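Residue numbers (my numbering), protein chains in the order written: chain A, 1319 to 1637; chain B, 1319 to 1637; chain C, 1319 to 1637; chain D, 1319 to 1637. Even glycine gets a Cβ: it sits at the ideal position worked out from N, Cα and C. Fair warning: this is a prediction, and the values are worked out from it, not measured in the lab. Structure record follows, encoded as structure tokens.
Number of protein chains: 4
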Amino acid sequence: MIGVVGLNYWGPNLARNFAELGALSWICDLDEERLAKATARHPSAAATTEYAELLASDVEGVVIATPVPTHYALAKQALEAGKHVLVEKPPAMRAAEIDELVGIAAERDLVLMPGHLLLYHPGIRKLKQLIDDGELGDVLCVYGNRQNLGIVRTNENALWSLGVHDLSVMLYLLDEEPEQCVAHGRDFLTEGVEDVVFCYLRFPSGKIAHMHLSWLDPHKMRRITVVGREKMVVFDDMELERKVTIYEKAPWKRTDSYGEWQTRSGDISIPKIPTDEPLKLECQEFLRLIAGEGDRRKVAEDGARVVRALDRLTESLRG
Amino acid sequence: MIGVVGLNYWGPNLARNFAELGALSWICDLDEERLAKATARHPSAAATTEYAELLASDVEGVVIATPVPTHYALAKQALEAGKHVLVEKPPAMRAAEIDELVGIAAERDLVLMPGHLLLYHPGIRKLKQLIDDGELGDVLCVYGNRQNLGIVRTNENALWSLGVHDLSVMLYLLDEEPEQCVAHGRDFLTEGVEDVVFCYLRFPSGKIAHMHLSWLDPHKMRRITVVGREKMVVFDDMELERKVTIYEKAPWKRTDSYGEWQTRSGDISIPKIPTDEPLKLECQEFLRLIAGEGDRRKVAEDGARVVRALDRLTESLRG
Amino acid sequence: MIGVVGLNYWGPNLARNFAELGALSWICDLDEERLAKATARHPSAAATTEYAELLASDVEGVVIATPVPTHYALAKQALEAGKHVLVEKPPAMRAAEIDELVGIAAERDLVLMPGHLLLYHPGIRKLKQLIDDGELGDVLCVYGNRQNLGIVRTNENALWSLGVHDLSVMLYLLDEEPEQCVAHGRDFLTEGVEDVVFCYLRFPSGKIAHMHLSWLDPHKMRRITVVGREKMVVFDDMELERKVTIYEKAPWKRTDSYGEWQTRSGDISIPKIPTDEPLKLECQEFLRLIAGEGDRRKVAEDGARVVRALDRLTESLRG
Amino acid sequence: MIGVVGLNYWGPNLARNFAELGALSWICDLDEERLAKATARHPSAAATTEYAELLASDVEGVVIATPVPTHYALAKQALEAGKHVLVEKPPAMRAAEIDELVGIAAERDLVLMPGHLLLYHPGIRKLKQLIDDGELGDVLCVYGNRQNLGIVRTNENALWSLGVHDLSVMLYLLDEEPEQCVAHGRDFLTEGVEDVVFCYLRFPSGKIAHMHLSWLDPHKMRRITVVGREKMVVFDDMELERKVTIYEKAPWKRTDSYGEWQTRSGDISIPKIPTDEPLKLECQEFLRLIAGEGDRRKVAEDGARVVRALDRLTESLRG
């Protein structure tokens, strides 16, 4: 059974999904009013303002949806209490912290799963499948555009607030640790909090990735583009019915000319993407991992890879 | 009167425009066949395969549309022969070379005008006017997207082939020399010739700029976006009738919350842009500069600024 | 105070809105389960399965959200019981019926308001204002596209189910009774229930209108276009942020040619449209009319005009 | 060999194409200046201002590109002179005239081919193939949108000037003579010349068709939509690279509900369409028909079907 801690913004959604999956047994928040409100919706769940009480209970898994700066400490306590952990993104703010959490989880064979919602989006799954099936040919470049979305944060910059989404997806798609992480940007609105950030990553295989992250933009974009040597594919989360578009577009060397390359354009296809709710799929995955299915080590390690890249990008951005 | 040298790709367009303006008196190309073809169109223009003959003639201005690596040398000869020069972009491939050319032109008070066609596009003029009139408020960020366009070059990378367009526009709009020039990218198709390049520039005023340049992309884009503190504006050259879109979109600080910023969206307007042909306007500008109108020093210096930035970006890309 | 009858689909939304306006005092439905569910949400409202009981109560206004075929009879009873009436669209299915209802309402000076939701959409209000202010010049033609939307009905054809929306808007915008009403279409899925319908209307002023209504279409459209002699304007309800677009596009006679007309294209503007919820505005309007504000006779007569046109179009369609 | 008569607007394109196919031997125009200009381009073709001279020559085929009102008489003379005829659209303005031409052509076994350019567009060919291969299932409805395009004519209304394109395509796709032809519209700019026209057609098979034709419109559209029972397909001639889009969108009856229909949405595909020039294909077709390939009777009869439908629609429009 599952306990959810932090019931302010996203926590209630997690609680609702675990309740619908018949797995919610505890809810926890420091704020009594929020707790009361959540109790009204989930009367059968035990409620507490004491995190320690939750950890002392018989819940198997703890779901952490508290403010970002508390993620690491709360996750560590939960793991040390022998609980499986699903922790909202980012699970930690420093590479050292996430590596420590991964170490504890590995030692005790516990689940440490970051809440990278987009990884459970059927459209992103389609991209992963296209890549893994070799449909795109060698992947050369992946890039994300996340612009003009959401509330401008004053305590979290665009890299951590927006970039964590694209980065988790791009590392999931490429399944590789970047060897080069460069970031540039500026803090136009709040001093010290970058609102426009550009990131460049290079991988040992030679692949490259890029992110354009911005709160200040006329274009509303949530888009990930994958350039393969044989096909290219775009995931556009602003589209209602055309989430994934596959382009038979590829460079080819003209035999009749002086070795010049051209771009060949062919069919375009827009496969029907299932409308399954990503959050439900994410919650099911956590339950499956707890039940011993899937590769819990890889899930934890993949999560750590994202934090390490964020940490290095932050260093580059500040440097 | 004007002489045009180099009649392979772009040269014939320049010759035609100067002819229509009644100013074409010489044409020159090493290739006799090309020269014959151009002569058929411009029977009243003198024709030669000898550049020296052109320089020895009484033409006032020389228009150089030869292959890029020859630009600097031919421009230098023309200036030294006392001719005004319009030279296709880029006018030189090294900062030292362009600075030398600017020096010669200044010394002899000659026109040295680079053929930055986009600067004469009525849509780009509109952007410049909006910025200079203060319509956008302080400009914070400018960025260009030039993706999936044209023939992939094997002897010129995406930075020099595609980026020169956006860079000339962005420096024209901001009218400032960048203090930081960083470029990243990769050569996927032809070794040593980058086909995907990302550039980041930072200016002394704090403004930033970015370019996404790529021959390998599913999206066909030719777009320049300007983010001002009060309005944002987009120039989209792939649009037929909506070249410029102005967004009343700006960050504002909510007074009722904890100092958080939000994005306020207002009216959108798409002004009618005149359909004047940029090349004709460019040719007219050259004639005007020769006639003593306008600021020929600034034109030369602006051109040099573009080459210097390209040179620094190249260094960063290779480094 | 207000009583809402019919709590199946749309009724609960009406109940909620009147409750939020502090005006809901009765709820009524034949189905006890539905009634119980609504009572849980509105515990302070009296509940009954007997319409007669509602009519015998002291409610001032009755809101009818029952199945379409019952609208006329229930509205008639309510008016005869001296109640003001807001009745979902269409308020009746025959011209004779609506004329009778309008007569009763007029005689007793009661409100008879049809629930034409779109008339309260801020985007449609903007169109009306542009027309009434003369911004568009003489209006020549209005047409609606409502395609590929909603569930295909088996008991109501595309004209009554989809067309009622566009027709109410077009008659509201033109404020004129059509002199010619022609409809064509076919019943591809359910015999006798047209799923593709085209309607043409002509008005005494010479204006024309057209509707393309279809459940079988690849394009998802909810659009109303107004062609004025000086400007044209489009209301597109599928757009999130660009609901209304104004085109400075108009025919003009070239003076230099043989009296030929051309289309002149100018600026395009997309005004910011308030995001006020139309249903709330509709409910407020009903309360205002009850309170004696506005022109209740015109509201009833406008509603009748829509039913009369639907009746004539139906005759044409069948004939 | 081929003679082209009428060298004002479209004629020169026909002449150029036949010249490129090595088949142009005569050119003819009443205007000496035009004739001289065409002679300069086609010096090897015989030139005359006398149509009789052309007819008396040994040309096998005559291509008529003169003003519309002259088409019938010139085509008749050519057929009577034993020449094969390619005549610009519409080949005649009355049903009786085209039937007469078809009769003469049939009697003498001559080619009578109307210049319906769109029928040779690879995108329209794709639609035809999809329909004939049964890919779309039963075709239910076809409709065309041709709005805001071209110069407003003062001597030809939107039906004849714009509608002839869509009508030729729709009759080609359905290959059936309509049993019902209804048209409505108005003449806003020039008295007696309708600039906005709506047409409805019904076929013996139960299929229906519709055209929305207008010079006064904010939307620039050139689009033909085919609704099949299993798939839907759109030809959009305003798109550069996405001319044809196929939607796996179809109605289906839910088994779990009360016989209600729903729309099922599946994959979307945008096949690569060859960029062959339609005019060249049209000219080649004429040469092939002359050479005895293809079914010349059907080509003439198909052309007549279009004129008959235009004639009936005109009667409805005026009636």
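Exercise. Could you please give the first and the last residue of the uninterrupted alpha helix (DSSP H) stretch that includes residue 1501 (chain C)?
Key: The sequence position of residue 1501 (chain C) within the third sequence is 183, counting from 1. Residue 1501 (chain C) -> not in any alpha helix (DSSP H); beta strand (DSSP E) instead, spanning 1498 to 1504.
Practice problem: Count the other CB atoms, across all protein chains shown, that sit within 10 Å of the CB of residue 1563 (chain A); report buried if there are 16 or more and exposed otherwise. | Solution: Taking the first residue of the first sequence as 1, we reach residue 1563 (chain A) at position 245. Flag for residue 1563 (chain A) reads buried.
Self-check item: Buried versus exposed, by CB contacts within 10 Å (16 or more), residue 1469 (chain B)
Solution: Here residue 1469 (chain B) refers to the residue found at position 151 when the second sequence is read from its first residue. It counts as exposed.
Quiz item: Among residues of its own chain, excluding the 5 on either side of residue 1519 (chain D), which ones have a beta-carbon nearer than 6 Å to its beta-carbon?
Solution: Against the fourth sequence, residue 1519 (chain D) aligns to sequence position 201. Taken in chain order, the residues that qualify are 1496, 1499 and 1527.
Quiz prompt | the stretch 1452 to 1461 of chain C touching the stretch 1321 to 1341 of chain D, judged by at least three CB pairs closer than 8 Å | solution = no
Quiz item: For the stretch 1432 to 1439 of chain B against the stretch 1404 to 1414 of chain B, are there 3 or more C-beta pairs whose distance is under 8 Å?
Solution: yes
Self-check item: Neighbourhood of residue 1523 (chain B) by C-beta, 7 Å cutoff - its chain only, sequence neighbours within 5 removed
Solution: Walking along the second sequence from the start, residue 1523 (chain B) turns up at place 205. The residues are 1494.
Quiz prompt | DSSP beta-bridge partners of residue 1515 (chain A) | solution = Taking the first sequence and counting its residues from 1, one reaches residue 1515 (chain A) at position 197. Residue 1515 (chain A) pairs with A:1503 and A:1531.
Quiz prompt | Separation of residue 1462 (chain D) from residue 1525 (chain C), as counted between CA atoms | solution = Counting from one through the third sequence, the residue named residue 1525 (chain C) turns up at place 207. Counting from one through the fourth sequence, the residue named residue 1462 (chain D) turns up at place 144. Rounded to the nearest angstrom, the two C-alpha atoms are 23 Å apart.
Practice problem: Would you mind telling me which residues of chain D sit closer than 7 Å to residue 1532 (chain A), beta carbon to beta carbon, in chain order? | Solution: Counting from one through the first sequence, the residue named residue 1532 (chain A) turns up at place 214. In chain order: nothing, as chain D lies at least about 28 Å away.
Quiz item: Taking the alpha-carbon positions, what's the residue 1711 (chain D) to residue 1337 (chain B) distance?
Solution: In the structure displayed, chain D extends from 1319 to 1637; residue 1711 (chain D) sits before or after that span and is not available.
Quiz item: Under a three-way DSSP split, which group does residue 1450 (chain D) fall into?
Solution: The residue you call residue 1450 (chain D) lines up with position 132 of the fourth sequence. Helix.
Exercise. Show which residues of chain C have a CB atom less than 8 Å away from the CB atom of residue 1587 (chain B).
Key: Taking the second sequence and counting its residues from 1, one reaches residue 1587 (chain B) at position 269. Neighbours of residue 1587 (chain B) on chain C, chain order: 1585, 1586, 1587 and 1588.
Exercise. Report buried or exposed for residue 1327 (chain A), applying the criterion of at least 16 other Cβ atoms within 10 angstroms of its Cβ.
Key: The count along the first sequence starts at 1 and reaches residue 1327 (chain A) at position 9. So residue 1327 (chain A) counts as exposed.
Practice problem: Can you have a look at residue 1513 (chain C) and say buried or exposed, based on whether 16 or more other CB atoms are within 10 angstroms of its CB? | Solution: Here the question's residue 1513 (chain C) lines up with position 195 in the third sequence. The residue in question, residue 1513 (chain C), is buried, as its Cβ has 16 or more Cβ neighbours within 10 Å.
Quiz item: Can you list the residues of chain D that residue 1560 (chain A) reaches, using a CB-CB cut of under 8 Å?
Solution: Within the first sequence, the letter at position 242 stands for residue 1560 (chain A). Those within 8 Å of residue 1560 (chain A) in chain D are 1586.
Quiz item: chain D beta carbons: is any one of them nearer than 8 Å to that of residue 1535 (chain C)?
Solution: As a working mapping, residue 1535 (chain C) is identified with position 217 in the third sequence. Residue 1535 (chain C) counts as touching chain D.
Quiz item: Should residue 1343 (chain B) go down as buried or exposed, given a rule of 16 or more other Cβ atoms within 10 Å for buried?
Solution: Translated into the one-based positions of the second sequence, residue 1343 (chain B) becomes position 25. Buried, since its Cβ has 16 or more Cβ neighbours within 10 Å.
Quiz item: What in chain D is Cβ-close to residue 1516 (chain C), meaning under 8 Å?
Solution: Sequence index remark: in the third sequence, residue 1516 (chain C) carries index 198 (1-based). Result: 1516, 1518 and 1528.
Self-check item: Sequence ranges, beta strand (DSSP E) only - wholly within the stretch 1543 to 1608 of chain D, length at least 3
Solution: 1550 to 1554, 1562 to 1571 and 1579 to 1588
Exercise. For residue 1580 (chain A), decide whether its Cβ has a neighbour in chain B, counting only Cβ atoms nearer than 8 Å.
Key: Locating residue 1580 (chain A) in the first sequence gives position 262, counting from the first residue. Yes, because at least one Cβ of chain B sits closer than 8 Å to the Cβ of residue 1580 (chain A).
Quiz item: Which first and last residues belong to the alpha helix (DSSP H) in which residue 1422 (chain B) is found?
Solution: As a first step, residue 1422 (chain B) must be located in the second sequence, where it is residue number 104. Where residue 1422 (chain B) is concerned, the enclosing alpha helix (DSSP H) stretches over 1413 to 1426.
Exercise. Return the first residue and the last residue of the alpha helix (DSSP H) that residue 1383 (chain A) is part of.
Key: By 1-based counting over the first sequence, the position of residue 1383 (chain A) is 65. First-last for residue 1383 (chain A): undefined, no H or E at that position.
Practice problem: Please classify residue 1490 (chain A): does DSSP put it in a helix, a strand, or coil? | Solution: As a working note, residue 1490 (chain A) is residue 172 in the first sequence. Residue 1490 (chain A) falls in the helix class under three-state DSSP.
Quiz item: Roughly how many whole angstroms lie between the Cα atoms of residue 1488 (chain B) and residue 1560 (chain C)?
Solution: Counted from its first residue, the second sequence places residue 1488 (chain B) at position 170. Counted from its first residue, the third sequence places residue 1560 (chain C) at position 242. In a straight line, the C-alpha of residue 1488 (chain B) is about 29 Å away from that of residue 1560 (chain C).
Quiz item: Are residue 1373 (chain A) and residue 1393 (chain A) close, meaning C-beta to C-beta below 8 Å?
Solution: The residue given as residue 1373 (chain A) occupies position 55 in the first sequence. The residue given as residue 1393 (chain A) occupies position 75 in the first sequence. Not in contact: residue 1373 (chain A) and residue 1393 (chain A) (Cβ atoms no closer than 8 Å).
Self-check item: DSSP three-state assignment for residue 1327 (chain D), whether helix, strand or coil
Solution: The residue you call residue 1327 (chain D) lines up with position 9 of the fourth sequence. Here residue 1327 (chain D) sits in coil by DSSP.
Self-check item: Under 7 Å by beta carbon: chain D residues contacting residue 1567 (chain C)
Solution: The residue you call residue 1567 (chain C) lines up with position 249 of the third sequence. Here the neighbours are 1536.
Quiz item: When we look at the beta-carbon of residue 1262 (chain B) and count the other beta-carbons within 10 Å, is it buried (16 or more) or exposed?
Solution: Residue 1262 (chain B) falls outside the range modelled here, since chain B spans only 1319 to 1637, and no answer is possible.
Practice problem: State the Cα-Cα distance for the pair residue 1581 (chain D) and residue 1475 (chain C), rounded to the nearest angstrom. | Solution: Within the fourth sequence, residue 1581 (chain D) is the residue found at index 263, counting from 1. Within the third sequence, residue 1475 (chain C) is the residue found at index 157, counting from 1. If I take the Cα positions, the gap works out to 15 Å.
Exercise. State the DSSP-derived secondary structure class of residue 1479 (chain C), mapped to helix, strand or coil.
Key: By 1-based counting over the third sequence, the position of residue 1479 (chain C) is 161. Here residue 1479 (chain C) sits in helix by DSSP.
Quiz item: Closest Cβ-Cβ distance between residue 1552 (chain D) and chain F: below 8 Å?
Solution: Absent from the structure: chain F. Protein chains present are A, B, C and D.
Quiz item: In the DSSP assignment, what are the bridge partners of residue 1365 (chain C)?
Solution: Here residue 1365 (chain C) refers to the residue found at position 47 when the third sequence is read from its first residue. C:1345, per the DSSP bridge assignment.
Self-check item: For residue 1403 (chain C), the first and last residue of its enclosing alpha helix (DSSP H)
Solution: Numbered from 1 along the third sequence, position 85 holds the residue referred to as residue 1403 (chain C). From DSSP, residue 1403 (chain C) is part of no alpha helix (DSSP H) but of the beta strand (DSSP E) over 1402 to 1406.
Quiz item: Is residue 1542 (chain B) near residue 1460 (chain B), with beta carbons less than 8 Å apart?
Solution: Along the second sequence, one-based indexing puts residue 1542 (chain B) at 224. Along the second sequence, one-based indexing puts residue 1460 (chain B) at 142. Going by C-beta atoms, residue 1542 (chain B) is nearer than 8 Å to residue 1460 (chain B).
Quiz item: Just checking my contact of residue 1553 (chain D) with residue 1382 (chain D) at CB under 8 Å: how many whole Å lie between their CB atoms?
Solution: To locate residue 1553 (chain D), count along the fourth sequence from 1; it is residue 235. To locate residue 1382 (chain D), count along the fourth sequence from 1; it is residue 64. The pair is not a contact, with the Cβ atoms about 27 Å apart (cut-off 8 Å).
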